[in-house]
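Here the sequence shown is numbered in my numbering, starting from 1 and rising by one per residue.
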Amino acid sequence: MRNTALMTAGTTLSRLTGYVRIAAQTAALGVTVGALGNVYVQANTTPNIVYELLLGGVLTSVFVPVFVDHRRAHGREAAFDLGCRVMTLTLVLLLALAAIGIVFAPMIMRAYLTASDAADREAQIELGVFWLRWFMPQVVFYGIGAVASGLLNTEGRFAPPMFAPILNNLVAIVTFVAYAMLRAGAAPSLAGITWLEKTVLGAGTTLGVVAMTVALWPSLRAAGFRWRLTTAWDHPGIRQVVRLSGWVFLYVAANQAAYLAIIVLAGGIDRPARFQIYATAFIVFLLPHSIFAVSIFTALLPAMAERWGERDVDGVRERFSLGLRDTVVVIVPAALGFIALAGPITSLLLDHGAAGAADARLIARTLQAFAVGLPFFSAFQLITRTFYATQDSRTPALINVGAAVVTVGVDIVLVGAIGWDVPGLALGHATSYVFATAVGLAVLRKKLGSLDGRRIGRTIARALPAAAATALVAWLVATAVSAATDPQPVVWRLVQVGLAVGAGLGAYLGAALMLGIGEVDDVMGAVRRRFRG
Numbered sequence: 001m002r003n004t005a006l007m008t009a010g011t012t013l014s015r016l017t018g019y020v021r022i023a024a025q026t027a028a029l030g031v032t033v034g035a036l037g038n039v040y041v042q043a044n045t046t047p048n049i050v051y052e053l054l055l056g057g058v059l060t061s062v063f064v065p066v067f068v069d070h071r072r073a074h075g076r077e078a079a080f081d082l083g084c085r086v087m088t089l090t091l092v093l094l095l096a097l098a099a100i101g102i103v104f105a106p107m108i109m110r111a112y113l114t115a116s117d118a119a120d121r122e123a124q125i126e127l128g129v130f131w132l133r134w135f136m137p138q139v140v141f142y143g144i145g146a147v148a149s150g151l152l153n154t155e156g157r158f159a160p161p162m163f164a165p166i167l168n169n170l171v172a173i174v175t176f177v178a179y180a181m182l183r184a185g186a187a188p189s190l191a192g193i194t195w196l197e198k199t200v201l202g203a204g205t206t207l208g209v210v211a212m213t214v215a216l217w218p219s220l221r222a223a224g225f226r227w228r229l230t231t232a233w234d235h236p237g238i239r240q241v242v243r244l245s246g247w248v249f250l251y252v253a254a255n256q257a258a259y260l261a262i263i264v265l266a267g268g269i270d271r272p273a274r275f276q277i278y279a280t281a282f283i284v285f286l287l288p289h290s291i292f293a294v295s296i297f298t299a300l301l302p303a304m305a306e307r308w309g310e311r312d313v314d315g316v317r318e319r320f321s322l323g324l325r326d327t328v329v330v331i332v333p334a335a336l337g338f339i340a341l342a343g344p345i346t347s348l349l350l351d352h353g354a355a356g357a358a359d360a361r362l363i364a365r366t367l368q369a370f371a372v373g374l375p376f377f378s379a380f381q382l383i384t385r386t387f388y389a390t391q392d393s394r395t396p397a398l399i400n401v402g403a404a405v406v407t408v409g410v411d412i413v414l415v416g417a418i419g420w421d422v423p424g425l426a427l428g429h430a431t432s433y434v435f436a437t438a439v440g441l442a443v444l445r446k447k448l449g450s451l452d453g454r455r456i457g458r459t460i461a462r463a464l465p466a467a468a469a470t471a472l473v474a475w476l477v478a479t480a481v482s483a484a485t486d487p488q489p490v491v492w493r494l495v496q497v498g499l500a501v502g503a504g505l506g507a508y509l510g511a512a513l514m515l516g517i518g519e520v521d522d523v524m525g526a527v528r529r530r531f532r533g
């Protein structure tokens, strides 16, 4: 629990600075003011898509269990030797990948804008190509950072990978402020952007990713790791990673195929910047998952992998149950809280500068649609990591293919046939994770013999009414504060969100005490221990 609390502290600061980054981005680039912000988001998303498609899933899921198993069998020095080989191979592959992305940048941007019939489509493509060529080198640093994070996690050094993204966010914030200063109050536009402004946004964004990766190096050296370049890749550990990675490629390919379909469908909606609205709402949606659930999962994965290596199925089951129960008591109230407070939250973050109230309201509705699936999204991530801990990458890949089909199918119906706006795309995302979680639990239960269903069921049954009370109290407080002044200045909106969240949290802790939700005590105790030193 101490590791979880430490990571939670780092991720909280990371996500809070991430929210400031979103606010700075929307204030500088706008949302529906022209297409500038939309092109930026599409181009900057591409390195993430390409990296995750070809290598990211392997490094973040398969590498850690293999590394833990190799260290247990052969010792720490042998494991670090494997780390050197994996890191060098990652560097070579991702340098080639970045070069390919730079060369084929025009084709990539044209594919994104296939459904767009905007008069300035060619100008969007030209700007997107310029930025994409700045952004593609990010994949190299994402990959090296992923290997470094995996090595640190297996050494029990969980904090640096959680704190490092803060640097990325801070550099990006400075970048958007610098761009806004160059604009000197002028509205952002495709026609008006200068070479210097484009370069500041392109170089500054990539510099943030570089800073995030470099920040991991002192901790890696303190752990005793020394990276030496080696092309000796005929190694049993690498062969094991390759053997497991094929199914991970399928898993990630399904995700990215669905994501590309969303980009195309969003581009076909007869209003500007719909993909940027989807992407912005998704980033906000990820906050509770990233702060709490990812921290829980990251601490559990090495432990589950070690138990599986010792053939301790009961130990794996116990840690899965603990992870799911701790996740439920945090994520369920967060989901209902998003539904209750989406309007005030998005207004506080996004109703500034070139963005406006109409943009914030649409993002709020999209966030509410995402929130419907938040508990299932987090649960499936834990299920997937549990399979990876048992070195089974096939099962989650096949389940995820089915989930991707559900996503695209629901999106086509809601957006393409019925004509819903961006919230329809978010509902497709939510529906797919309901499906994936249901199937994943059924298969995992068969693999582990049981899932500690009674304890999990009791926790869910108690968390739901407590979470409902949280959402109701938060909504009542936000509504009361909103009625006190209209229009609301930024400071008053901050007070509104702060009071509503505080009241909701108080209501949840009180309800948890009354209902005897022990997992809340576990989570709060870990947080208290962390901040006491």
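Think of the CB as a built atom: it goes at the ideal place given N, C-alpha and C, for glycine as much as any other residue. Keep in mind it's a predicted model, so treat the numbers as computed, not measured.
- For the 7 Å CB-CB criterion, residue 138 and residue 206 form a contact.
- With respect to the 7 Å criterion, residue 431 and residue 406 are classified as neighbours on the basis of their beta carbons.
- Here the C-alpha atom of residue 482 lies approximately 50 Å from the C-alpha atom of residue 394.
- Under the rule that a run must span 3 or more residues, no beta strand (DSSP E) segment is found entirely inside the segment 35 to 111.
- Residue 389 sits away from residue 474, with the two beta carbons spaced by 7 Å or more.
- Rounded to the nearest whole angstrom, the C-alpha separation of residue 439 and residue 319 is 20 Å.
- Assignment of residue 365 by DSSP, reduced to helix, strand and coil, places it in the helix class.
- Of 231, 164, 321, the smallest CA-CA separation from residue 449 is found for 321.
- Taking C-alpha positions only, residue 253 is separated from residue 399 by approximately 13 Å.
- For the set 443, 286, 181, 505, the Cα lying nearest the Cα of residue 12 is the one of 286.
- In this structure, DSSP gives residue 234 a state outside helix and strand, which the three-state scheme calls coil.
- DSSP places residue 208 inside the alpha helix (DSSP H), whose first and last residues are 195 to 214.
- In the displayed model, residue 453 falls within a helix according to three-state DSSP.
- Under the 8 Å Cβ criterion, the segment 66 to 81 does not count as touching the segment 94 to 106, having fewer than three qualifying pairs.
- Straight-line spacing of the CA atoms in residue 132 and residue 171 works out to 18 Å.
- Sequence-distant partners of residue 313 (beyond 5 residues in either direction) whose C-beta falls short of 7 Å from its own C-beta, in its chain, are 448, 449.
- Residue environment for residue 82: buried (at least 16 other C-beta atoms within 10 angstroms of its C-beta).
- By the criterion of a C-beta distance shorter than 7 Å, residue 499 is surrounded in its chain by 477, 481, once the five residues flanking it on both sides are discounted.
- If you draw a 10 Å sphere on the C-beta of residue 218, you find fewer than 16 other C-beta atoms in it, and that means exposed.
- The residue from 425, 323, 30, 168 with its alpha-carbon nearest to that of residue 293 is 323.
- Within 10 angstroms of the beta-carbon of residue 519 lie 16 or more other beta-carbons, which makes it buried.
- A direct Cα-Cα distance of roughly 20 Å separates residue 521 from residue 336.
- If you look at residue 420, you'll find it isn't in any alpha helix (DSSP H); DSSP assigns it neither H nor E.
- In the DSSP annotation of this structure, residue 310 is not part of any alpha helix (DSSP H), being labelled neither H nor E.
- Sixteen is the threshold: when 16 or more other Cβ atoms of the shown chains lie within 10 Å of the Cβ of residue 326, as they do, the residue is buried.
- Take residue 79, set aside five residues on each side of it, and the residues of its chain with a beta-carbon closer than 7 Å to its own are 67, 70, 71, in chain order.
- Leaving aside the five residues that flank residue 237 on each side, the residues in its chain whose CB is nearer than 7 Å to its CB run, in chain order, 66, 70, 82.
- No Cβ-Cβ contact shorter than 7 Å links residue 427 with residue 379.
- Two segments are said to touch when three or more pairs of C-beta atoms, one from each, lie closer than 8 Å; by this definition the segment 188 to 203 does not touch the segment 151 to 160.
- Around the beta-carbon of residue 371, 16 or more other beta-carbon atoms lie within 10 Å, marking it buried.
- According to the DSSP assignment, residue 120 belongs to no alpha helix (DSSP H), since it is labelled neither H nor E.
- When only Cα atoms are considered, residue 232 and residue 100 end up about 24 Å apart.
- For residue 492, the secondary structure class from DSSP, reduced to helix, strand or coil, is helix.
- Between residue 281 and residue 363, the CB-CB gap stays under 7 Å.
- In the three-state reduction of the DSSP assignment, residue 359 falls in the helix class.
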